[in-house]
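In the working numbering, the protein residues as written are 9 to 373.
Idealized CB from N, CA, C, for every residue including glycine.
In what follows, a single structure is set out as structure tokens and then discussed.
Pasting the structure below:
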């Protein structure tokens, strides 16, 4: 597996390659089966890591050291650089603004309004966002006509909260807004330092590529990413007097995500469904190509799963089953998550034709 070379950032070093002497499927195990009738039609392979704040692997599915690009599951750690420098208080913003900075939002009115409030507070505009334009995620083809793409702007991009927060970081660094996505820009340098502090993985030396929103994105072992989620989770549960600056910032981010999961994703999305099912006692962040991280403050654990073939439909059954096997779900949460953890598949006539089920078992270490 390799990252794509960056050709539009002249000051970036050449991307390092995630070289593997073993097949791309190494470290993955059969995890989620989709059945039709009485037959298994498709199987998604996956790996998962459950760790504590020190990076100690407590449990696993497949290889917890499997290296993967982190995609949007990295957003809580990209936001850390700004929070360490006083965001969002320096601009008179609130926890919901910070939560949006960790989001892959659905482009609902509340998301657009919050992103605009960030831009207004930092003296920036939509034209300063370089995340690109797509039709908002909340629009569905079966809900009527979808306006043409030309009616939307970069603020509707699901990453506009992250990019607005990066622009805020540029203000905090007294750095130019222009070029804030360049690998060598002070914003990205500060972000790499923050990610390294949170996860223990030196991403300045890691393989990397360009994300869908044009920001640098880094590869790391699943266990390292899970360490970041665990450190955030532990920080939430500890007295503030025991926390260093990084852990205080981590706790601020985690609490914002827990208080405002509707900002982190959107209506009907799995991150929000999972958070609400557990009474907002956890924080969750998924990313493209089927990766998801969860922080569990009551345990001080971080959990990360990756579906090897990038099929996002496998994430909910795997994560729900994994959390259940870890003893995180009670009867109420289990009931709330049944429809996504073990979905029944229906065809266009509404006939039940199959089901999805997790077949992976957690190995405790």
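- Message: So for residue 35, helix, strand or coil by DSSP?
- Response: Within the chain shown, the letter at position 27 stands for residue 35. DSSP, read as helix, strand or coil, puts residue 35 in coil.
- Hey, is the segment 39-50 in contact with the segment 343-363, meaning 3+ C-beta pairs nearer than 8 Å? Yes, since at least three Cβ pairs between the segment 39-50 and the segment 343-363 fall closer than 8 Å, the two stretches touch.
- Item | Cβ contact check for the segment 30-40 and the segment 278-298: 3 or more pairs under 8 Å | Flag = no, the segment 30-40 and the segment 278-298 do not touch.
- Does the beta-carbon distance from residue 211 to residue 218 come in below 7 Å? On the chain shown, position 203 is the one that residue 211 refers to. On the chain shown, position 210 is the one that residue 218 refers to. In this structure, residue 218 does not lie closer than 7 Å to residue 211 by Cβ.
- Message: Using a Cβ-Cβ cutoff of less than 6 Å, which residues in the same chain neighbour residue 72 once the five nearest sequence positions on both sides are dropped?
- Response: In the chain shown, counting from the first residue as 1, residue 72 sits at position 64. Within the same chain, residue 72 has close Cβ partners 57, 65, 230 and 231.
- Query: Below 7 Å between beta carbons: does that hold for residue 274 and residue 146?
  - Reply: As a first step, residue 274 is located in the chain shown; it is residue number 266 there, counting from the start. As a first step, residue 146 is located in the chain shown; it is residue number 138 there, counting from the start. Yes; because the gap between Cβ atoms is below 7 Å, this pair is in contact.
- Task: Please report how far the alpha carbon of residue 345 lies from the alpha carbon of residue 291, in whole angstroms.
- Result: Position 337 of the chain shown, counting from 1, holds the residue named residue 345. Position 283 of the chain shown, counting from 1, holds the residue named residue 291. Spanning the two alpha carbons is a distance of roughly 16 Å.
- From the DSSP output, in three-state form, read off residue 300 for me. Within the chain shown, numbered from 1, the residue matching residue 300 stands at position 292. Strand, per DSSP.
- Task: Under 7 Å Cβ to Cβ from residue 168, same chain only, skipping five residues before and after it: list those, please.
- Result: Along the chain shown, one-based indexing puts residue 168 at 160. Here the set comprises 123, 137, 139 and 162.
- residue 225 lies in the beta strand (DSSP E); which residues open and close that run? Counted from its first residue, the chain shown places residue 225 at position 217. Residues 224-229.
- Closest residue to residue 331 among 352, 309, 216 and 320 (Cα-Cα distance): On the chain shown, residue 331 is found 323 positions in, with the first residue counted as 1. Answer by Cα proximity: 309.
- Task: Under the assumption that residue 326 contacts residue 48 (Cβ atoms under 8 Å), give the Cβ distance between them as a whole number of angstroms.
- Result: For the purposes of this step, residue 326 is taken as the residue at position 318 of the chain shown. For the purposes of this step, residue 48 is taken as the residue at position 40 of the chain shown. Actually they do not touch by this definition, with Cβ atoms about 16 Å apart.
- For the segment 151-229, list the beta strand (DSSP E) runs that are entirely contained and at least 3 residues long, ordered along the chain. Counting only runs of 3 or more, we get 216-218 and 224-229.
- Query: Where does residue 358 land, buried or exposed, given buried means 16+ other C-beta within 10 angstroms?
  - Reply: Counting from 1 along the chain shown, the entry for residue 358 is found at position 350. Answer is exposed; the Cβ neighbour count stays below 16.
- Let me know if residue 356 comes out buried or exposed under the rule of 16 or more other beta-carbons within 10 Å of its beta-carbon. Position 348 of the chain shown, counted from the first residue, corresponds to residue 356. With fewer than 16 other Cβ atoms inside 10 Å of its own Cβ, residue 356 counts as exposed.
- Task: Give every residue of the same chain whose Cβ lies closer than 8 Å to the Cβ of residue 68, excluding the five residues on either side of it in the sequence, and list them in chain order.
- Result: Here residue 68 refers to the residue found at position 60 of the chain shown. Excluding residues up to 5 positions away in sequence, 55, 56, 57, 58, 370, 371 and 373 lie with their Cβ nearer than 8 Å to the Cβ of residue 68 in the same chain.
- Alpha carbon to alpha carbon, what distance is there between residue 118 and residue 233? Walking along the chain shown from the start, residue 233 turns up at place 225. Walking along the chain shown from the start, residue 118 turns up at place 110. When the Cα atoms are used, residue 233 and residue 118 turn out to be separated by approximately 29 Å.
- Query: Which residue comes first and which comes last in the beta strand (DSSP E) that contains residue 52?
  - Reply: What you label residue 52 is simply residue 44 of the chain shown in a count that begins at 1. Bounds of the beta strand (DSSP E) holding residue 52 are 47-59.
- Query: What residue does the alpha helix (DSSP H) around residue 285 start on, and which one ends it?
  - Reply: As a first step, residue 285 is located in the chain shown; it is residue number 277 there, counting from the start. Annotation for residue 285: the continuous alpha helix (DSSP H) segment containing it runs 278-285.
- Message: If contacts are defined as beta-carbon pairs under 8 Å, then residue 195 and residue 188 qualify, I think. What distance do you get, rounded to the angstrom?
- Response: Taking the first residue of the chain shown as position 1, residue 195 is located at position 187. Taking the first residue of the chain shown as position 1, residue 188 is located at position 180. Their Cβ separation, rounded to whole angstroms, is 5 Å, which keeps residue 195 and residue 188 in contact under 8 Å.
- Roughly how many angstroms separate the alpha carbons of residue 93 and residue 177, rounded to a whole number? As a position in the chain shown, residue 93 is number 85, starting the count at 1. As a position in the chain shown, residue 177 is number 169, starting the count at 1. In this structure, the CA atom of residue 93 is about 8 Å from the CA atom of residue 177.
- Message: I'd like the list of long-range same chain contacts for residue 114, defined as Cβ closer than 6 Å, with 5 residues on each side in sequence excluded.
- Response: Taking the chain shown and counting its residues from 1, one reaches residue 114 at position 106. The answer, listed in chain order, is 145, 146 and 274.
- Message: Contact defined as beta carbons within less than 8 Å: I believe residue 227 pairs with residue 75. What is the distance between those atoms, to the nearest angstrom?
- Response: Against the chain shown, residue 227 aligns to sequence position 219. Against the chain shown, residue 75 aligns to sequence position 67. Indeed, because the Cβ distance is near 5 Å, the residues count as touching under 8 Å.
- DSSP-derived helix/strand/coil call for residue 275: As a position in the chain shown, residue 275 is number 267, starting the count at 1. The answer is coil: DSSP assigns residue 275 none of H, G, I, E or B.
- Query: Given 8 Å as the limit, is there contact between the segment 240-247 and the segment 255-263, that is, 3 or more CB pairs closer than that?
  - Reply: A contact exists between the segment 240-247 and the segment 255-263.
- Item | For residue 91, the nearest candidate out of 62, 170, 121 and 37 (CA to CA) | One-based indexing of the chain shown puts residue 91 at position 83. Checking every option, the nearest Cα to that of residue 91 belongs to 170.
- In terms of residues, what are the limits of the beta strand (DSSP E) holding residue 292? Counting from 1 along the chain shown, the entry for residue 292 is found at position 284. Residues 291-295.
- Is residue 68 helix, strand or coil by DSSP? One-based indexing of the chain shown puts residue 68 at position 60. Shown here, residue 68 sits in a strand according to DSSP, grouped into three states.
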